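First residue of the sequence shown: 131, per the numbering used here; consecutive thereafter. Note that the Cβ used here is the ideal one computed from N, Cα and C, for glycine as well. Nothing here was measured: the structure is a model prediction, and the numbers come from that model.
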Amino acid sequence: MPAIQIISDLHLEEHGDYSNFEITPSAPYLALIGDIGNIDDVDYFNFIKHQLPKFEIVFIIFGNHEAYFSNWPSIKRKFKEFEAEMDMLNENSSLGKIVLLDQTRWDLSPDVTILGCTLFSNISPEQKQRMKSSLSDFSFIDYWSVDKHNEAHASDLAWLNKQVEHISKDEPHRKIIILTHHCPTTSSRATDSRHDNSNISSGFMSELSREICWKRSAVKIWVFGHTHFNVDYTEDGKRMVTNQKGYRYRRAPGFDLKKRIEF
């Protein structure tokens, strides 16, 4: 049965762990679903390149930490250049393919489609002021603001809804797997109860239960990260699953380096 190995929130930037962290394959495809490290770190791309001989495809989702100490246009440009370089190498080698999922559709088979994007959260008006001073993104990502964050959320959400609606209507035989860094639900099943009264919760998750991308039955699996809280449950016909490592000294319970989803 086809499968994707799923991993997020490695935070290898924390102690420069890029060369020490080894991923043993448990599936032909690997999805790194954000906060793997910092793209401006010299060893980030070496870490990604190290995975390519081990997998047929390595899917990449940007988390917020990928852009720390830089800005979104810069890190996207650098990654696209790296992706093109790896594609050229792949023509004459056995390296796997690297695929950046940034509002990207990838048809994995004739009946399985992956839709991937960061899916920035929708920061609520009530938490906006608190978020400016409490969420590191607005200090460590150049030219970033709550308004730009919310604009990015709206863009990602509109793209997801459009893609899911199109596939549901025009390609009804297809099953959809959605990969996002941020959490698409505020359900108590998806979040750590210790943060129930957090005044920055909307920086981590959004409630999408009324959205097309949530309601359409074609969506079978939704993989996310960012919360450092691991779950695997079914809601509204979808499997909701995470596999987040977290920080070195605050590892998320339930992290499994060989975690895979089958379809």
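Opening and closing residue of the beta strand (DSSP E) in which residue 349 lies: 349–354
Residue 298: first and last residue of the uninterrupted alpha helix (DSSP H) it sits in: Where residue 298 is concerned, the enclosing alpha helix (DSSP H) stretches over 276–300.
Closest Cα partner of residue 319 within the set 360, 297, 135: With respect to the C-alpha of residue 319, the residue from 360, 297, 135 having the closest C-alpha is 360.
For residue 141 and residue 165, believed in contact at Cβ under 8 Å, the rounded distance: Contact holds; Cβ gap of about 6 Å.
Residues that residue 309 bridges to, as DSSP identifies them: 246, 353
Distance between residue 222 and residue 337 (C-alpha atoms, nearest Å): 45 Å
Residue 232 (DSSP reduced to helix, strand or coil): coil
Straight-line gap, residue 135 to residue 163 (C-alpha atoms, nearest Å): Taking the straight line from one Cα to the other gives about 10 Å.
Bounding residues of the beta strand (DSSP E) (the contiguous stretch that carries residue 370): Where residue 370 is concerned, the enclosing beta strand (DSSP E) stretches over 368–372.
Best match in 370, 184, 245 for proximity to residue 157 [C-alpha to C-alpha]: 184
Buried/exposed call for residue 218, threshold 16 Cβ in 10 Å: exposed
Alpha-carbon spacing of residue 239 relative to residue 182, whole angstroms: 20 Å
Proximity to residue 270 [Cα-Cα], best of 347, 201, 205, 191: 201
Whole runs of the beta strand (DSSP E) within the stretch 153–237, excluding any shorter than 3 residues: 159–163, 187–191, 227–230
Range of the contiguous alpha helix (DSSP H) that encloses residue 112: No statement about residue 112 is possible, as the shown extent of the chain runs from 131 to 393 and does not include it.
At least three beta-carbon pairs within less than 8 Å, the stretch 206–217 to the stretch 285–292: no
Between the CA atoms of residue 366 and residue 251 - distance to the nearest angstrom: 21 Å
Cutoff 6 Å; reference residue 369; Cβ partners in own chain excluding five residues on either side: 351
Extent of the continuous alpha helix (DSSP H) run through residue 135: Premise fails: residue 135 lies in the beta strand (DSSP E), 133–137, not in any alpha helix (DSSP H).
One or two residues paired with residue 271 in a DSSP bridge: 200
Between the CA atoms of residue 248 and residue 347 - distance to the nearest angstrom: 22 Å
Sub-8 Å separation of residue 161 and residue 192 beta-carbons: no
Pair within 8 Å by beta-carbon distance, residue 358 and residue 335: No, the Cβ-Cβ distance between residue 358 and residue 335 is not below 8 Å.
Inter-stretch contact (C-beta, 8 Å, three-pair minimum) for the stretch 296–310 and the stretch 263–277: no
Cβ-Cβ separation, residue 391 to residue 349 (assumed contact under 8 Å), whole Å: Incorrect: roughly 13 Å between the Cβ atoms, too far for contact.
Residue 189 CB to nearest heavy atom of the ligand ZN below 7 Å: Of the ligands one can find in the structure shown there are none, so the ligand ZN has no counterpart to examine.
Delimiting residues of the alpha helix (DSSP H) encompassing residue 390: Where residue 390 is concerned, there is no enclosing alpha helix (DSSP H), although the beta strand (DSSP E) it sits in stretches over 390–392.
Cut-off 8 Å between Cβ atoms - residues of its own chain near residue 295, not counting five sequence neighbours on either side: 342, 346
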